[in-house]
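Throughout the sequence shown, residue numbering follows mature numbering (1 follows the signal peptide of the UniProt record, and there is no 0), covering -22 to -1, 1 to 149 in sequence. We put the beta carbon where it would ideally sit given N, CA and C, even for glycine. The model shown is predicted, which means the values in this text are computed figures rather than measured ones. Down below is the structure, laid out as structure tokens.
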Amino acid sequence: MAARYHTLISLFLLPFALSVHAAPDIPYGYRQVAWLNKVPADLLYAVALTESGARLAQDVRPWPWTLNVAGKGYRYATRQQACAALHRFLRTTSPKRIDAGLGQINLGWNGHHFSHPCEALAPYPNLHLTATLLRRHYDKWQSWPEAVGRYHRPAGGKPAQRYRQQVFRHL
């Protein structure tokens, strides 16, 4: 009985284990967070590229020290610089108009998931929340394309459709 149980568990976990190891071009941290949250790693990485992608050397990579304030993007060289800027923006701008980090988490709607605003700039907490939100939308809609669109705009519609197209260009 125990052997059968272990076989069933192994078969269930196999697709997730393969997704952690199958995409060498996706950084390990993304694969790990994706696996923990049962989200496709390439999709999580594509969302991060869409949200915070920056040209570095010859590649475009997600950049953790990215802010978007009222539709204008800002990139900083260090977390400390981004954190200082975030505090300045929070004094003059509604948190609902500020997105932060790899997944551009909106601080007005999702800032309560962090112990303080600058935690949104920490790569792993930001990625975990990005993956959690994607998974919640998937659980509701049973479609990864729909989950991606609603990650950007929970109400759906044309903005969600356009965003989904942007993300899927990275796949």
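#### Entry: Three-state secondary structure (DSSP) of Leu99
Here residue 99 refers to the residue found at position 121 of the sequence shown. DSSP places Leu99 within a helical segment (H, G or I) once states are collapsed to three.
### Task
Could you tell me the distance, in whole angstroms, from the CA atom of Ile4 to the CA atom of Trp122?
Residue numbering aside, residue 4 sits at position 26 when the sequence shown is read from its first letter. Residue numbering aside, residue 122 sits at position 144 when the sequence shown is read from its first letter. If you take the alpha carbons of Ile4 and Trp122, they lie about 18 Å apart.
### Query
According to DSSP, what are the bridge partners of Ala78?
Working through the sequence shown from its first residue, we reach residue 78 at position 100. Residue pairing by DSSP puts Ala78 in a beta bridge opposite Leu45, Ile83.
### Message
On the DSSP bridge list, what partners appear for Gly51?
### Response
Stepping through the sequence shown from its first residue, residue 51 is reached at position 73. Partner(s): Asn46.
### Task
Could you tell me whether the Cβ atoms of Trp41 and Thr56 are closer together than 8 Å?
Looking up residue 41 in the sequence shown gives position 63. Looking up residue 56 in the sequence shown gives position 78. Cβ distance not < 8 Å, so Trp41 and Thr56 don't count as in contact.
### Query
Exposed or buried, what is Gly86 when buried is set at 16 or more other beta-carbons lying within 10 Å of its beta-carbon?
Locating residue 86 in the sequence shown gives position 108, where the first residue counts as 1. Answer is exposed; the Cβ neighbour count stays below 16.
### Query
Between which two residues does the alpha helix (DSSP H) harbouring Arg140 extend?
Taking the sequence shown and counting its residues from 1, one reaches residue 140 at position 162. Start and end: 135 to 146.
### Query
Rounded to a whole number of angstroms, what is the C-alpha to C-alpha distance between Ala24 and Asp77?
The residue labelled residue 24 in the question sits at position 46 within the sequence shown. The residue labelled residue 77 in the question sits at position 99 within the sequence shown. If you take the alpha carbons of Ala24 and Asp77, they lie about 17 Å apart.
### Message
For Gly135, count the other beta carbons within 10 Å of its own beta carbon; 16 or more makes it buried, fewer makes it exposed. Which is it?
### Response
Translated into the one-based positions of the sequence shown, residue 135 becomes position 157. Exposed: under 16 other Cβ atoms inside 10 Å.
### Option nearest Val145 by Cα separation, candidates Ala133, Pro132, Ala125
Position 167 of the sequence shown holds residue 145. With distances taken between CA atoms, Val145 lies nearest to Ala125 out of Ala133, Pro132, Ala125.
### Message
Between which residues of its own chain and Pro73 is the CB-CB distance below 7 Å, once the five residues before and five after are set aside?
### Response
Taking the first residue of the sequence shown as 1, we reach residue 73 at position 95. Closer than 7 Å at Cβ, skipping near neighbours: Leu85, Gly86, Gly89.
### Query
Are residue 160 and Tyr129 closer than 8 Å when you measure CB to CB?
No statement about residue 160 is possible, as the shown extent of the chain runs from -22 to 149 and does not include it.
### Of the listed residues Lys118, Asp37, Thr28, nearest to Gly79 (C-alpha basis)
Within the sequence shown, residue 79 is the residue found at index 101, counting from 1. With distances taken between Cα atoms, Gly79 lies closest to Thr28.
### Query
How would you label His65, buried or exposed, when you count the other beta carbons within 10 angstroms and need 16 or more for buried?
Stepping through the sequence shown from its first residue, residue 65 is reached at position 87. With fewer than 16 other Cβ atoms from the protein chains shown falling within 10 Å of its own Cβ, His65 counts as exposed.
#### Entry: Cα-Cα separation between Tyr34 and Ala26, rounded to whole angstroms
Numbered from its first residue, the sequence shown carries residue 34 at position 56. Numbered from its first residue, the sequence shown carries residue 26 at position 48. Sequence inspection shows Leu at residue 34; the Tyr mentioned does not correspond to that position. Here the C-alpha atom of Leu34 lies approximately 15 Å from the C-alpha atom of Ala26.
### Task
Go through its chain and collect everything with a Cβ distance to Arg147's Cβ below 6 Å, but skip five positions before and after it.
Within the sequence shown, the letter at position 169 stands for residue 147. Contacts found: none.
#### Entry: Euclidean distance between Cα positions of Gly49 and Gly81
By one-based count along the sequence shown, residue 49 stands at place 71. By one-based count along the sequence shown, residue 81 stands at place 103. Just so you know, the alpha carbons of Gly49 and Gly81 end up roughly 15 Å apart.
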